[in-house]
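J.: Per the numbering used here, the sequence shown starts with residue 34, numbered consecutively.
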Amino acid sequence: MNDSLGESKNVFYFNTCGEINTEKTLELALERARELGITKVVVASETGLSALKAADLLRDSGTDLIVVTSAAGTRIKKTIIGDLKIGIPDRKVWDRLEKSGAKIVRATDPLYNIGADLEHKGVPTLATLIRTCFKMISSGTAVCVTAALMATDNGLLREGEEVVAVAGSWVGLDTALVAQAANSVSLLKTGSLQVREIICKPRNPAHSWPINQKDWVGDLKPYMAFAK
Numbered sequence: 034m035n036d037s038l039g040e041s042k043n044v045f046y047f048n049t050c051g052e053i054n055t056e057k058t059l060e061l062a063l064e065r066a067r068e069l070g071i072t073k074v075v076v077a078s079e080t081g082l083s084a085l086k087a088a089d090l091l092r093d094s095g096t097d098l099i100v101v102t103s104a105a106g107t108r109i110k111k112t113i114i115g116d117l118k119i120g121i122p123d124r125k126v127w128d129r130l131e132k133s134g135a136k137i138v139r140a141t142d143p144l145y146n147i148g149a150d151l152e153h154k155g156v157p158t159l160a161t162l163i164r165t166c167f168k169m170i171s172s173g174t175a176v177c178v179t180a181a182l183m184a185t186d187n188g189l190l191r192e193g194e195e196v197v198a199v200a201g202s203w204v205g206l207d208t209a210l211v212a213q214a215a216n217s218v219s220l221l222k223t224g225s226l227q228v229r230e231i232i233c234k235p236r237n238p239a240h241s242w243p244i245n246q247k248d249w250v251g252d253l254k255p256y257m258a259f260a261k
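Structure follows, in structure tokens:
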């Protein structure tokens, strides 16, 4: 075998989607970032709870944490625990993240903003198709990509820069990628945003909605404070 053709790297496949994989996902993401000399980790976090875990793990690591979340006032309706407030709505959580040194991006998903009304009516749009294709890998893959786009659009990443992006299926984390950053307007340009490595993902990325906690596993008690 000619090793000059490339190199073998491990990919960790979780048995199920869900919050239960959060700590392991963060450990694997930081390990790969260190191996590659990547100094920025992007974590998608809607309540801020996963981001706080990332901040604790990354403390004194020399790695910058970029937290990406949804627009202020956003809710995910009719979840298993009720309507979930997202966009890191708790000011105390927000302040703790900033105190830890994390940079926070609060914005609208670029793959959702345009054509959202059509999507609600069941009309497929280009954004729907792009998101669906990423979800064939995992839900977290779609979110990792949009988080990297949003961080670049906000000037916290440079186009072409390698970054480790981390996200999950609903709440918690279960997917981590090495990606090349790009602005959202460049997404469909050849060679712009690239998924260069998969660090970890659920082996079976499919899960029910609303969550039934059979094919998605995790502790929902900490998230009850964000639901009504």
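Beta carbons are placed, not taken as given, at the ideal position from N, Cα and C, and that holds for glycine.
In angstroms with no decimal places, state the Cα-to-Cα distance between alanine 209 and asparagine 245.
T.: C-alpha separation (whole angstroms): 23 Å.
J.: Aspartate 97 by DSSP, collapsed to three states: which one?
T.: Aspartate 97 falls in the strand class under three-state DSSP.
J.: Taking 7 Å as the line, does the beta carbon of alanine 104 fall inside it for any heavy atom of the ligand MG?
T.: As presented, the structure is devoid of all ligands, the ligand MG included, so that no description of it is given.
J.: Comparing alpha-carbon positions, which option in Leu190, Thr185 and Thr174 lies nearest valine 199?
T.: Measuring from the Cα of valine 199, the nearest candidate turns out to be Thr174.
J.: Could you give the residue range of the beta strand (DSSP E) that holds arginine 191?
T.: Where arginine 191 is concerned, there is no enclosing beta strand (DSSP E), given that its DSSP letter is neither H nor E.
J.: If valine 176 sits next to glutamate 52, beta carbons under 8 Å apart, how far is it from one beta carbon to the other, in whole angstroms?
T.: Between glutamate 52 and valine 176 the Cβ distance is about 14 Å, and since that is not below 8 Å, they are no contact.
J.: Phenylalanine 45 to valine 197, Cα distance in whole Å?
T.: Straight-line Cα distance between these residues: approximately 15 Å.
J.: Could you tell me whether the Cβ atoms of proline 243 and isoleucine 113 are closer together than 8 Å?
T.: Yes, they are a contact pair.
J.: Would you give the residue range spanned by the beta strand (DSSP E) that leucine 117 belongs to?
T.: Residues 115-118.
J.: Look at the Cβ atom of glutamate 192, then the Cβ atom of serine 219, and state whether they are nearer than 8 Å.
T.: Their beta carbons are under 8 Å apart, which means glutamate 192 touches serine 219 by this criterion.
J.: Tell whether a beta-carbon distance below 8 Å holds between proline 238 and lysine 168.
T.: Yes; because the gap between Cβ atoms is below 8 Å, this pair is in contact.
J.: What are the start and end residues of each continuous alpha helix (DSSP H) run of 4 or more residues lying completely inside the segment 160-221, in chain order?
T.: Counting only runs of 4 or more, we get 172-186.
J.: Do you know offhand how far lysine 125's Cα is from aspartate 36's?
T.: Rounded to whole angstroms, lysine 125 to aspartate 36 spans 50 Å at the Cα level.
J.: Figure out for me which residue from Pro157, Leu38, Arg229 and Asp128 has the closest Cα to the Cα of alanine 84.
T.: Alanine 84 has its Cα closest to that of Asp128, out of Pro157, Leu38, Arg229 and Asp128.
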